[in-house]
Structures are given as structure tokens and as C-alpha cells.
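A.B. asks: With my numbering as the guide, the letters of the sequence shown map in order to residues 4 to 384. Note that beta-carbon positions come from the ideal geometry of N, C-alpha and C, so glycine has one too. Computed from a predicted structure; not experimentally measured. One structure follows; several queries about it will come next.
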Amino acid sequence: MSLYMSLYMLEQAPYLPPGRPSLVAVTQQQNSHRGEARRRVSAVEAVQGALLGTAVGDSLGLPYEGMSRQRVMNTLRGDPLRQRLMFGRGMVSDDTDHACLVLETLAETTDPDQFAHQLGDRLRWWLAGLPAGVGWATLRGIARLWLGKSPHESGVYSAGNGPAMRAPLIGAFPQGNNREKRRALVRASTRLTHTDPRAEQGAQVLASAAAYARLGEAPEDILRLVLADAEDLELHTRLERVAESLKSPSAELCAEWGLGRGVTGYVNDTVPAALHAWAHNQGHIEPALAEVIRLGGDTDTTGAIVGALCGVTHGVQSIPLPWIEGIVEWPRSTEWMLRMAERAVLQAPLRRVSFVAQLLRNATFLCAVYGLIAKRALPPY
């Protein structure tokens, strides 16, 4: 037996106890809800949907990250979305990694101060595992944690979308219903890596959207409710424009904002674009992801955010099974994510993923990324 498979068995065993249903069984059972009128999803369904929606959107968007809208359109040529990172399969990036770390931490504590310290510790060891494609502000913030900075002082001044990609899981979690608790947790998560108020406000907007979606509010109503979290004039104005333009495709709105070549990693670009794709499609994950990924730019992050919001809105049963099965991940497999989300809601103890396993996984992912870079050198451009 190879070292890889030995580690796999050791890692999976604690999370897949005998007698528990598999991902396929759970999803097939939940698929019986398809076609019903929209309902308020349970806490477990919402968190599972948010996490697996993040993973699906991340894995589908990753092959197009950094591409212009036109090149994404030329590459897809009307084909349906599917994983394409390697051999028709997909892997996830830092967006899903951070969502998992947030949920692992929430399973242990919802006290904002303890949350900041424990998430900071997880982020330090995550960075030590040499993940590919870490954002510049996130890299500096976590490096400052390693240098001894407090998790309340480690962030750097940046309005990037790193905190935004962590926010939907906080809103989807049951304690996210408490506005003050939710805001404190989002603030703690944000300031670990980013201190620009715009980064926090964008994250607060997404966490609130996820919380309201779990309670069954309609997307168009949620867009009005989250305006209270957007004090920044640019963000507030853009969110108002999103609410006014739900009958228009997202591409039109992005062109209006000068994002015709793709959605950037600037939080005031990412958050409105993601919210429009989600609300324009009433939280239905297939058309929403197809729309946001075709916008180009930071497609793994916008895909992850839209996937999370859609997963909260309609629950894990709304995510197409082929998209879930198309993700090839270890040690945080989709089975692991499903179990972990359920246990997190139940506040059950969770064992951390092995650092050695994470190193091996990241080495595999890096090889896949190099293959993607080589493929990018070929047409269509």
C-alpha cells in the first residue's frame, strides 16, 4: 500500500464512522426536494450547502481564473460547466480551504476572541503547508501571525476579497442569525488578514446575505436588507444598482462598472458581481455559476461565493451531484466536507487534518496548476 493511500485511510477514518450515510446517499435522498416550492432549509442543510457550494463554485471557476470574459467565452463555446482542471476533474483552491478552516473553528467556539485566536492558528499552519495561489494581503497577514503579532493586529491595509470568501460560512452557521455575534465573528475573521474597512464591509454584506438566505428571505429582499452593512459609498451605490438591475444579465452591470475584462479581486468589484449573479438567478446554483464564471477575472473566488450563497438558499440538495463527484480532493474530500458540516452544526469534536497530508495534497495541486499554466499558453485566446 502506498504512503498516499495509507495516509488517506488514516485521515478518513475519524470522519466516516460506520453506519453513517455516504455523500451520494444523502444527496440522492435530499434530491427528492427538487421541484418543491422554496422552503427554509435546516441548519445542517444550509451549512452543508454553503460548504459544498463553495467547493463546487471554486473548482468550476479555477480553470478560468485570470482570464478575460471574452477568453472564457471562447474557451467554453457554449459548453456546459464542468470541472476541467485535470482529466475532466477539479480541485479546490484557498477559497474552499479557508471556508473549511472557518467551519472547523466555529465547531469549537463562537466566542469572537477565541475564534480569532483559533482561526489564526489554523491559518498559520495552513500557510506552512505551502498552498498555491495565496493572495498577497493574506500572505502578509498570516506571516505576521507567525512573527508573533496578535490576531487582532496581524492584518494589513488591503481591500482585497480574502475576508469575503470566508464570510458566507459565518452567516450560514446557526449563530449567524444573531446580528451582533455575526458581525463580531466577521470582524475577527477579517482583521486576521485585512484592515481596510471596505474589506470588512464587503464580508459583512455577504455574511448577512447568507444568514437571511438561510431564514428563507427572497434574494431581492435580502439585497435591501444588506445595505445596512455597506457604509462605504461605492459599495452602497453598487449594491443599490444590483437591486435595481435584477432583470439584466450580470455582464451588463459589470460592463457599466468597467469590468468588461473580468471581475477583479477588489472587494467592491467581487461582492456586487457575486450578489447580482446569485440574486438574478434566484439562488439557483447552475445558472448562477454559469453566469458569474463567464464574467471572467477572479473566477474561483466569485464562483466560490456564489456557490456558497446558492447552497445556503436552497440547501445541499440543490447542488448537482455530477459537480460534487467531479471534485477530486484529499484529505478534505467532499465526503469529509459533508460530515464535517453536520458535526460542526452539532458542535461535535473535530480532529484537525494532518499537516503531512496537507503538504502532499498541496504538492499535487501545484502540479495541476503548472499543467493549467502550460495549457493557458495554447489557444483559444
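Val-95 to Glu-183, Cα distance in whole Å?
C.D. replies: Computed Cα separation, rounded: 31 Å.
A.B. asks: Is it right to say Trp-129 is buried, meaning 16 or more other beta carbons lie within 10 angstroms of its own, or is it exposed?
C.D. replies: Buried, since its Cβ has 16 or more Cβ neighbours within 10 Å.
A.B. asks: List the DSSP bridge partners of Ile-330.
C.D. replies: According to DSSP, which records beta bridges pairwise, Ile-330 is partnered with Gly-93.
A.B. asks: Would you identify the three-state DSSP class for Gly-165, choosing helix, strand or coil?
C.D. replies: In this structure, Gly-165 counts as helix in the three-state DSSP scheme.
A.B. asks: Over what stretch of residues does the alpha helix (DSSP H) that includes Ser-253 continue unbroken?
C.D. replies: Element bounds for Ser-253: 253-259.
A.B. asks: With a threshold of 8 Å, are at least 3 pairs of Cβ atoms found where one atom belongs to the segment 314-326 and the other to the segment 70-81?
C.D. replies: No: the two stretches stay apart, fewer than three of their Cβ pairs being nearer than 8 Å.
A.B. asks: Can Ile-145 and Leu-172 be called in contact, C-beta distance under 7 Å?
C.D. replies: For Ile-145 and Leu-172, no; Cβs fall outside 7 Å.
A.B. asks: Which residue or residues does DSSP assign as beta-bridge partners of Gly-300?
C.D. replies: Answer by DSSP bridge pairing, in chain order: Val-266.
A.B. asks: Fully enclosed by the segment 125-203, which alpha helix (DSSP H) runs are 4 residues long or longer?
C.D. replies: Counting only runs of 4 or more, we get 139-149, 165-175, 182-194.
A.B. asks: Does DSSP put Gln-73 in a helix, a strand or coil?
C.D. replies: Helix at Gln-73.
A.B. asks: Taking C-beta to C-beta, are Gly-91 and Val-309 nearer than 7 Å?
C.D. replies: Result no, Cβ atoms of Gly-91 and Val-309 do not sit closer than 7 Å.
A.B. asks: Tyr-215: buried (16+ other C-beta within 10 angstroms of its C-beta) or exposed?
C.D. replies: It is buried - the Cβ of Tyr-215 has at least 16 other Cβ atoms within 10 Å.
A.B. asks: I'd like to confirm something about Ala-206: is its beta-carbon nearer than 6 Å to some heavy atom of the ligand SAM, or not?
C.D. replies: In terms of ligand content, the structure shown is empty, and the ligand SAM therefore cannot be addressed.
A.B. asks: In the DSSP assignment, find the alpha helix (DSSP H) that holds Tyr-67 and state where it starts and stops.
C.D. replies: Taken as a continuous stretch (DSSP letters only), Tyr-67 belongs to no alpha helix (DSSP H), as it is neither H nor E.
A.B. asks: Identify the continuous alpha helix (DSSP H) that holds Val-348 and give its terminal residues.
C.D. replies: Looking at the DSSP string, the run of the alpha helix (DSSP H) that includes Val-348 is 337-348.
A.B. asks: Where does Ile-322 fall in DSSP's three states?
C.D. replies: In this structure, Ile-322 counts as coil in the three-state DSSP scheme.
A.B. asks: Can you give me the start and stop residues for the alpha helix (DSSP H) that Ala-366 sits inside?
C.D. replies: 358-379 is the span of the alpha helix (DSSP H), which, as asked, contains Ala-366.
A.B. asks: Using the Cα positions of Val-44 and Arg-217, report the straight-line distance between them to the nearest angstrom.
C.D. replies: Going by the C-alpha atoms only, they are around 6 Å apart.
A.B. asks: Apart from the five residues just before and just after Thr-57, which ones in its own chain have a Cβ nearer than 6 Å to its Cβ?
C.D. replies: Only Thr-99, Ala-102, Ala-307, Gly-310, Ala-311 meet the Cβ criterion.
A.B. asks: Identify, in the order they occur along the chain, each residue of the same chain with its Cβ nearer than 8 Å to the Cβ of Ala-206, setting aside the five sequence neighbours on each side.
C.D. replies: The answer, listed in chain order, is Pro-166, Ala-167, Arg-169, Ala-170, Val-189, Ser-192, Thr-193, Val-270.
A.B. asks: Quick check: the Cα distance between Leu-230 and Ala-344, rounded to an integer number of angstroms?
C.D. replies: Each residue's Cα considered, the two are about 29 Å apart.
A.B. asks: What does the Cβ neighbour count give for Gly-151, buried or exposed, with the cut at 16 atoms within 10 Å?
C.D. replies: By the neighbour-count rule (16 or more Cβ atoms within 10 Å), Gly-151 is not buried but exposed.
A.B. asks: Using only CA atoms, which one of Gly-374, Asp-124, Ala-131, Gly-318 lies nearest to Gly-93?
C.D. replies: Nearest C-alpha to Gly-93: Gly-374.
A.B. asks: For Pro-177, which residues in the same chain have their Cβ closer than 7 Å to its Cβ, ignoring the five residues on either side in sequence?
C.D. replies: Excluding residues within five positions, the ones whose Cβ falls inside 7 Å are Ala-46, Val-348.
A.B. asks: Taking the alpha helix (DSSP H) that Arg-244 belongs to, which residues open and close that run?
C.D. replies: First-last of the alpha helix (DSSP H) with Arg-244: 236-247.
A.B. asks: In angstroms, rounded to a whole number, what distance separates the CA positions of Ala-202 and Ala-162?
C.D. replies: C-alpha separation (whole angstroms): 5 Å.
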